[in-house]
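Asker: No gaps in the numbering here: position 198 of the sequence shown is 209 in the working numbering, and each next residue is one more. All residues carry an ideal CB built from backbone N, CA and C; glycine is no exception. From a predicted model like this one, the values you see are computed outputs, not experimental measurements. The structure's right below; bear with me while I get my questions together.
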Amino acid sequence: MEMTAQSLAELLSGEVVGDPSAPVSRPARIEHARKGDVCFYANPRYERYVYETKASVLLVARDFEPARPVSATLIRVDDPYAAIAAVLGHFASSGKRGNRFWSRLSFRRSVALSARIGMGTYIYPQVYVGPRVKIGRDCILYPGVRIYHDCEIGDRCILHAGAVIGADGFGFAPQPDGSWKKIPQLGNVVVEDDVEVGANSTIDRATMGSTRIGKGVKIDNLCQVAHNVEVGDGTVMAAMTGLAGSAHIGKRCMFGGQSGVNGHVTVADGTVLAGHSGIIGDIRKPDTKLMGYPALDYGNFMRSYAIFRRQGTTSDKK
12 MEMTAQSLAE LLSGEVVGDP SAPVSRPARI EHARKGDVCF YANPRYERYV YETKASVLLV
72 ARDFEPARPV SATLIRVDDP YAAIAAVLGH FASSGKRGNR FWSRLSFRRS VALSARIGMG
132 TYIYPQVYVG PRVKIGRDCI LYPGVRIYHD CEIGDRCILH AGAVIGADGF GFAPQPDGSW
192 KKIPQLGNVV VEDDVEVGAN STIDRATMGS TRIGKGVKID NLCQVAHNVE VGDGTVMAAM
252 TGLAGSAHIG KRCMFGGQSG VNGHVTVADG TVLAGHSGII GDIRKPDTKL MGYPALDYGN
312 FMRSYAIFRR QGTTSDKK
């Protein structure tokens with residue numbers, strides 16, 4: 012696929028500074044770009060690449076003024092991050108349609124006769140869709156996805172390779188002889204519209220009722236969502252996040268990599284949890300930033316950490 016700087020600017024409602032006929036055939040990172048690439052500049056740490064890049068087109072903020080000559084044609088936009096996201100989406104929708112259509116015709120998949128699949132949904136080989144599963148419109152199920160019986164997937168969802176939706180929750184009752192008796196997991200998983208689930212992430216079915224993933228939730232690779240968890244709309248989780256059973260996560264929360272939440276805990280809307288941190292009790296105040304284990308208010312944690320460092324330095328001198 013190839014387009015010009017001018018047509019790209021029209022797509023992004025941007026302003027061209029330089030050659031409007033500069034050809035663009037692919038997006039790239041600014042530090043590795045070549046002729047024909049489009050990339051973006053937003054972080055001041057990367058400013059030197061603005062003057063070194065070999066990209067044909069560079070997306071920049073409207074108020075950016077180069078300190079030195081730039082060889083690339085500039086497109087000034089309101090938000091370079093949002094602009095490059097739109098560019099990536101445009102190239103993805105134009106470049107992958109053929110492969111997805113081929114995969115939809117593949118017989119190397121297993122879909123139960125009682126499953127309901129919406130129009131425009133593409134199912135790659137090696138996917139399993141169990142009995143009475145409902146999948147909405149315009150979804151993508153990449154190779155190796157497994158969706159157990161009775162689970163529901165909304166519209167425009169993306170499930171990456173190896174994602175498992177609806178495996179049994181971890182429910183076992185201790186017995187007098189020291190053994191463990193399995194508790195039947197009779198519920199399901201409901202994934203609402205516009206959710207993306209990363210590779211090899213797992214969402215367990217509820218013991219009773221539903222494990223529920225709200226609209227627009229984004230889950231990275233290697234995450235675990237346990238039984239009866241509820242995740243609010245627009246929440247995002249980085250890789251290796253774990254949510255224990257019956258946790259209730261609010262809307263628009265952000266969880267850093269390798270973070271975790273205890274079972275039966277309620278987390279307020281807009282909570283931000285730093286990587287390697289853990290919540291062990293209810294978070295009632297919205298829009299709180301937390302860090303550490305047990306997670307503390309971010310400001311309190313940093314003040315505590317300063318004390319810890321001074322204490323360590325003092326001990327080393329003894």
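1. Using the Cβ count rule (16 or more neighbours within 10 Å means buried), how would you classify Leu116?
2. Ala53 and Leu69: beta carbons closer than 8 Å?
3. Apart from the five residues just before and just after Ala16, which ones in its own chain have a Cβ nearer than 6 Å to its Cβ?
4. Three-state secondary structure (DSSP) at Glu58?
5. Less than 8 Å between the C-beta atoms of His171 and Gly209, yes or no?
6. Just list the beta strand (DSSP E) runs in the region 153-212, keeping only unbroken ones of 3 residues or longer that don't cross its boundaries, in chain order.
7. Quick check on DSSP: helix, strand or coil for Glu42?
8. Between the beta-carbon of Leu254 and the beta-carbon of Gln235, is there less than 8 Å?
9. Using CA atoms only, rank isn't needed, just tell me which of Ala250, Gly256, Asn273 is closest to Met265.
10. Based on Cα-Cα distance, which residue from Lys300, Lys296, Ile230 lies nearest to Val202?
11. Determine whether the beta carbon atoms of Asp166 and Asp204 lie at a separation below 8 Å.
12. What do you get for Gly38, buried or exposed, if any count of 16 or more other CB atoms within 10 angstroms of its CB means buried?
13. I need the DSSP call for Gly281, collapsed to helix, strand or coil.
14. Can you check whether the CB of Cys162 is closer than 8 Å to the CB of Gly147?
15. Can you name the start and end residues of the beta strand (DSSP E) that Leu233 belongs to?
16. Glu26 lies in the beta strand (DSSP E); which residues open and close that run?
17. Tell me which residue opens and which closes the beta strand (DSSP E) that Ser221 is part of.
18. Hey, is Thr282 close to the ligand GDP, as in C-beta under 7 Å from one of its heavy atoms?
19. Thinking C-alpha only, which one of Pro185, Glu207, Asp188, Gly180 is nearest Pro195?
20. Identify, in the order they occur along the chain, each residue of the same chain with its Cβ nearer than 6 Å to the Cβ of Ala217, setting aside the five sequence neighbours on each side.
21. Taking Cβ to Cβ, would you say Asp173 is nearer than 8 Å to His160?
22. Would you kindly report the start and end of the unbroken alpha helix (DSSP H) that includes Leu22?
23. Helix, strand or coil, according to DSSP, for Ala93 in the structure here?
24. Drop a sphere of 10 angstroms on the beta-carbon of Lys25, count the other beta-carbons inside from all chains shown, and report buried for 16 or more, exposed for fewer.
25. Assuming Ala279 contacts Gly261 (C-beta within less than 8 Å), just tell me the rounded distance between them.
26. Ignore the nearest five residues each way along the sequence and tell me which others in Lys145's own chain have a CB closer than 6 Å to its CB.
27. Between Ser121 and Val156, what straight-line distance do the alpha-carbon atoms span, to the nearest angstrom?
28. Phe51 lies in the beta strand (DSSP E); which residues open and close that run?
29. Just how far apart, CA to CA, sit Phe102 and Pro154?
30. Quick check on the burial criterion: 16 or more other C-beta atoms within 10 angstroms. Buried or exposed for Glu241?
31. If I measure Cβ to Cβ from Asp74 and keep anything under 6 Å in the same chain, skipping five residues before and after, which residues do I get?
32. Among the residues of its own chain, which have a CB less than 7 Å from the CB of Arg108, if the five just before and after it don't count?
Answerer: In brief:
1. The predicted position of Leu116 is uncertain, since its pLDDT is 40 and thus under 50; no value can be drawn from it.
2. no
3. Val27, Pro31, Ala33, Val68, Thr84
4. helix
5. yes
6. 175-178, 183-185, 191-193, 199-202
7. coil
8. yes
9. Ala250
10. Ile230
11. yes
12. The amino acid occupying residue 38 in the given sequence is Pro; Gly does not appear at that position. Buried, by the Cβ-count rule.
13. coil
14. no
15. Counting along the chain, Leu233 falls outside any beta strand (DSSP E), and DSSP gives it neither H nor E.
16. 26-28
17. 221-224
18. Among the components of this structure there are no ligands whatsoever, and the ligand GDP is therefore not found.
19. Gly180
20. Gly198, His238, Asn239
21. It is Gly, not Asp, that sits at residue 173 in the sequence shown. Not in contact: Gly173 and His160 (Cβ atoms no closer than 8 Å).
22. 16-23
23. helix
24. First, the residue type needs correcting, since residue 25 is Gly and not Lys in the sequence shown. Buried, since its Cβ has 16 or more Cβ neighbours within 10 Å.
25. 5 Å
26. Arg127, Glu163
27. 11 Å
28. 48-51
29. 21 Å
30. buried
31. none
32. Low local confidence applies: a pLDDT of 42 at Arg108 is under 50, so the model's placement there is unreliable, and no value is given.
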